[in-house]
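Before any comments, here is the structure.
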Amino acid sequence: MVTFDAVFVGAGINSLAGAALLSKAGWNVCVLESTDELGGCIKTSSSLTLPGFTHEVLASWHPLFTGSPAYAELKGDLDERGVEYLNTELPTGSAFPDGTSAFLTTSLEDNIAELARHAVADGAAWESMFNGFMSTADLSFGVLGTELWSPAGLGLGRQALRRFGRRGLLAYVGTVLSTCRDWLGDTFESDAAHGLLAPWVLHTGLGPDQAASGFMTQVIACALQLGGMPVPKGGGVVLVDGLASIVRDAGGEIRTRAEVERVLISGGKATAVRLEDGETIRAERAVIASVTPTQLYGELLGAGDAPVELTDAARRFRYGRGEMQIHIAMSEPPDWYGDERLGRTAIVHVTPGLDGVSRAVNEAERGLLPAEATIVCGQPMAVDPSRAPEGSWIVWIQLQELPAGLVKGDAADEIDVGDGIWTEDLREAYADRITARLGRHVQNLQRATLQRVVLSPVDIAALNVNLVGGDIYGGSCALDQNFLFRPLPQAPGHRTPVDNLWHIGASTHPGPGLGAGSGYLVYKELTKPAAPRRLLSGARAAGQRLQQSVAKSP
Numbered sequence: 010m011v012t013f014d015a016v017f018v019g020a021g022i023n024s025l026a027g028a029a030l031l032s033k034a035g036w037n038v039c040v041l042e043s044t045d046e047l048g049g050c051i052k053t054s055s056s057l058t059l060p061g062f063t064h065e066v067l068a069s070w071h072p073l074f075t076g077s078p079a080y081a082e083l084k085g086d087l088d089e090r091g092v093e094y095l096n097t098e099l100p101t102g103s104a105f106p107d108g109t110s111a112f113l114t115t116s117l118e119d120n121i122a123e124l125a126r127h128a129v130a131d132g133a134a135w136e137s138m139f140n141g142f143m144s145t146a147d148l149s150f151g152v153l154g155t156e157l158w159s160p161a162g163l164g165l166g167r168q169a170l171r172r173f174g175r176r177g178l179l180a181y182v183g184t185v186l187s188t189c190r191d192w193l194g195d196t197f198e199s200d201a202a203h204g205l206l207a208p209w210v211l212h213t214g215l216g217p218d219q220a221a222s223g224f225m226t227q228v229i230a231c232a233l234q235l236g237g238m239p240v241p242k243g244g245g246v247v248l249v250d251g252l253a254s255i256v257r258d259a260g261g262e263i264r265t266r267a268e269v270e271r272v273l274i275s276g277g278k279a280t281a282v283r284l285e286d287g288e289t290i291r292a293e294r295a296v297i298a299s300v301t302p303t304q305l306y307g308e309l310l311g312a313g314d315a316p317v318e319l320t321d322a323a324r325r326f327r328y329g330r331g332e333m334q335i336h337i338a339m340s341e342p343p344d345w346y347g348d349e350r351l352g353r354t355a356i357v358h359v360t361p362g363l364d365g366v367s368r369a370v371n372e373a374e375r376g377l378l379p380a381e382a383t384i385v386c387g388q389p390m391a392v393d394p395s396r397a398p399e400g401s402w403i404v405w406i407q408l409q410e411l412p413a414g415l416v417k418g419d420a421a422d423e424i425d426v427g428d429g430i431w432t433e434d435l436r437e438a439y440a441d442r443i444t445a446r447l448g449r450h451v452q453n454l455q456r457a458t459l460q461r462v463v464l465s466p467v468d469i470a471a472l473n474v475n476l477v478g479g480d481i482y483g484g485s486c487a488l489d490q491n492f493l494f495r496p497l498p499q500a501p502g503h504r505t506p507v508d509n510l511w512h513i514g515a516s517t518h519p520g521p522g523l524g525a526g527s528g529y530l531v532y533k534e535l536t537k538p539a540a541p542r543r544l545l546s547g548a549r550a551a552g553q554r555l556q557q558s559v560a561k562s563p
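Quick note: my numbering has the sequence shown finishing at residue 563, numbered continuously throughout.
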């Protein structure tokens, strides 16, 4: 029986970053992945469409990672291994049905001018919003970067109370819980500003009329100005290989095709995992599972290993909307109608605006194909020209407003959905609707398309066991499954009722995205000094402060 300090179940960004950080801290680490490839939702393919075209099959953009504390600690090691991030001054824009557009850049001054172009007051509103957000950024980003059910989380609350006072803190919490619609309406006058920012709420797994969607939209808007839209040169696989190399170089082990069948419990403590082939791998200090609550409490743990109420709650864990992706190899760069900046923008949302996003979300949640979905049109070549042969182009389309489960109908009453199962005919028919709409903005789309590959929610679910029903966000991000309550009110945070068993991944706080947040938080918990040493350190610090105070006194 082989033994490690920590065993990770799953090899997504949270596991790989956590394993790399623990390896640097001197831990002997093993990462087990059930599929053929490492990376989880980072899947780079050079064979999806045509030779020479490098596509990101699922996740494509890395602003959350490059702005994360995990990257800050690992950057030197990744640099040494050839991980190079490329960026752009034009991270996002929106193209509207009337041919107009709006943009968000990495320059405060340019964003003020751009929004003022649509409504004079909106320029000043952006400046006021950004400066106000930055004045409390330590708290806002702290909410997303702190283990909330912990002394650190309590400390963050006390910090907010000292800064705002009781009434001020209540007001701040109110802004955190506001909807995207309310925040946009209270802040900006123009429909263009609303249509520029509203689609970004979809990237948090929410809709514009859900609690906390206003806060999350504000976080993303400010993060885009601060950090742009970086991607690893050559594809996300470069990051995956870099993280894996850190683990292996430290003596750790990473395996693919290693299906974990059961987490083994002894004396109320996770002590090992058993693979599908019967092999047992011991974990002296931690088992860290990057899975959904359904998998953890319904499959990896045996009967009686966790409280019954928790197992029942995990069975009721809700998953969110499905997603479709369309990957297109083009023979030439896109000829966007309207502003030439659209061709240089990393992500263009093709949308009728705030109400259009709201309507499409509502239709999808009622089981319908949206009549006018938000088209997330990613252009990796605008950031990394190495992704395709010179003179050609790649389009990465994400559609985040699709039904979870069976399709009940078509909101436009144009497509026969049959029995509601995602067949090839239904998949391609819906993709035809999307590309026809995009073709009204990209005038050469049809003529320049060399190859198109479409992934339905069923196809996406088949790529990764955590993407249940094609939900790429690891479960609904509604308020009762978010922040303090993620993944479940019965087991919030990353500790589980089983000693030495930790839960990470998109289903846990701080939620979805390639920020490696949960992997980093568990790494910090596992490497935290023991309580006696913390107390001794605190006593020494208090003594030093007392000595300094005495020395300064008359």
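All C-beta atoms in this analysis are idealised placements derived from N, C-alpha and C, irrespective of residue type, glycine included.
Distance from the CA atom of residue 85 to the CA atom of residue 129, rounded to whole angstroms, is 44 Å. Apart from the 5 residues on each side of it in sequence, residue 61 sits with its Cβ closer than 7 Å to the Cβ of 397 and 398 in its chain, given in chain order. As the crow flies, the alpha-carbon of residue 523 is around 16 Å from that of residue 87. When the Cα atoms are used, residue 361 and residue 288 turn out to be separated by approximately 54 Å. Per DSSP, the continuous beta strand (DSSP E) segment holding residue 40 begins and ends at 38-41. Excluding the 5 residues flanking it on each side, residue 377 has same chain C-beta neighbours closer than 8 Å at 412, 416, 417, 418, 419 and 420, in chain order. Distance from the Cα of residue 298 is smallest, within the candidate group 141, 408, 217 and 513, for 513. Residue 197 sits in coil when the DSSP states are folded into three classes, being neither helix nor strand.
Rounded to the nearest angstrom, the gap between the Cα atoms of residue 525 and residue 505 is 19 Å. Per the Cβ contact rule, the region 43-56 is not in contact with the region 216-231 (fewer than 3 Cβ pairs under 8 Å).
Ranked by Cα distance from residue 531, the first of 519, 511, 539 and 275 is 511.
The region 90-104 makes contact with the region 234-251; the number of CB pairs closer than 8 Å reaches 3 or more. Here residue 219 carries a coil assignment [DSSP, helix/strand/coil]. Within the region 98-184, the complete beta strand (DSSP E) segments of 3 residues or longer fall at 101-104 and 110-113, listed in chain order. DSSP places residue 279 within a strand segment (E or B) once states are collapsed to three. Taking a cut-off of 8 Å for Cβ pairs, the region 274-291 and the region 35-43 touch, as three or more such pairs fall below it. Boundaries of the alpha helix (DSSP H) harbouring residue 437: 433-448, taken from the DSSP string. Of the candidates 494, 390, 406 and 56, the residue whose Cα lies closest to the Cα of residue 400 is 390. For residue 230, same chain residues with a beta-carbon under 6 Å away, outside a window of 5 residues either side, are 206 in chain order.
Here the region 103-122 makes contact with the region 345-360; the two share three or more CB pairs at distances below 8 Å. Taking residue 476 as the centre and dropping the five residues before and after it, the same chain places the C-beta of 469 and 470 closer than 7 Å to its C-beta, in chain order. About 11 Å separates the CB atoms of residue 323 and residue 309; that is not less than 8 Å, and the two are not in contact. DSSP, reduced to helix, strand and coil, places residue 338 within a strand of the structure shown. Here DSSP, grouped into helix, strand and coil, assigns residue 348 to coil. Within the same chain, 501 and 502 come within 6 Å of residue 158 by CB-CB distance, once the 5 residues on both sides are set aside. Contact between residue 410 and residue 383 holds: CB atoms are separated by about 6 Å, below the 8 Å threshold.
No residue range can be given for residue 392, since it is assigned to no beta strand (DSSP E) and is classified by DSSP as neither H nor E. Under a 10 Å Cβ-count criterion, residue 137 is classified as exposed, with fewer than 16 other Cβ atoms of the shown protein chains found around its own Cβ.
Distance from the Cα of residue 168 is smallest, within the candidate group 149, 185, 34 and 183, for 149.
In the three-state reduction of the DSSP assignment, residue 273 falls in the strand class, which pools E and B. Distance check between residue 271 and each of 291, 252 and 261 places 291 closest, using alpha-carbon atoms only. The beta carbon of residue 36 is closer than 7 Å to those of 14 and 15 in its chain, skipping five residues each way along the sequence. By the neighbour-count criterion, in which a residue is buried when 16 or more other Cβ atoms sit within 10 angstroms of its Cβ, residue 538 is exposed. Rounded to whole angstroms, the gap between the alpha carbons of residue 235 and residue 115 is 6 Å. Closest in alpha carbon position to residue 320, among 211, 451 and 498, is 498.
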